[in-house]
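Participant:
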Amino acid sequence: METAKRLSEERVMKTGEKILIVDDEAAIRSLFVEALEELGYRCDVAGNGLECLEKFYRVKDYEVVLLDIQMPKLNGIETLKKLKAYSPDLSIIMVSASRDLENVRAALKEGAYDYIFKPFNVNDVDAVIRRALERSNLIRANKDYQKNLEKKV
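Encoded structure:
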């Protein structure tokens, strides 16, 4: 188990995937950043949905977004809809202290990759992020393959 975790950490540290963490609670953002940067991810933060959209549209190189459900100004579901409209293949992982199944269903229906409950376990979050990154890599490889195939035809 320890070897698998170490290999995972080495893989991430080599590539340093960028994650946008969106939560209205500064303490939660800090916990995510501290834990994920220790695993080798590069992190950026936003305090609400509007700030998330501004950063995402400007930076555009986030591999994964961790998105809180309940936030002021623009809630997580509305932010999710806007992010997916702009970038349909983006892996968005919803985060919430609420165990309301309606929120979970709504998020998954709108295209969320997965759902994490607070308080979170760092190893669980890392595992979900790694799966989301694998999905993103497969989508990217498939698109590249299709482009190359179209060039040959």
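All the letters of the sequence shown, read from the start, carry residue numbers 47 to 199 under my numbering.
The C-beta atom is built at its ideal place from N, Cα and C for all residues, glycine as well.
(1) Please list, in chain order, all residues of the same chain as G157 whose beta carbon is under 6 angstroms from its beta carbon, the five residues on each side excluded.
(2) Rounded to a whole number of angstroms, what is the C-alpha to C-alpha distance between L53 and E109?
(3) Please classify A72: is it buried, with 16 or more other beta-carbons within 10 angstroms of its beta-carbon, or exposed?
(4) May I have the straight-line CA-CA distance separating E100 from E124, to the nearest angstrom?
(5) Pull up the DSSP beta-bridge partners for Y161, would you.
(6) Considering only DSSP beta bridges, list what D146 is partnered with.
(7) Please classify N94: is it buried, with 16 or more other beta-carbons within 10 angstroms of its beta-carbon, or exposed?
(8) Is K64 helix, strand or coil when you go by DSSP?
(9) Among the candidates M140, D69, L120, L96, whose CA atom is the shortest distance from the CA of A178?
Facilitator: According to the structure shown:
(1) K130
(2) With a pLDDT of 45 at L53, under the threshold of 50, the modelled position of this residue cannot be trusted; read the value that follows with caution. Between L53 and E109, the C-alpha separation is close to 20 angstroms.
(3) exposed
(4) 14 angstroms
(5) M140
(6) Paired residues: none, contrary to the question.
(7) buried
(8) strand
(9) M140
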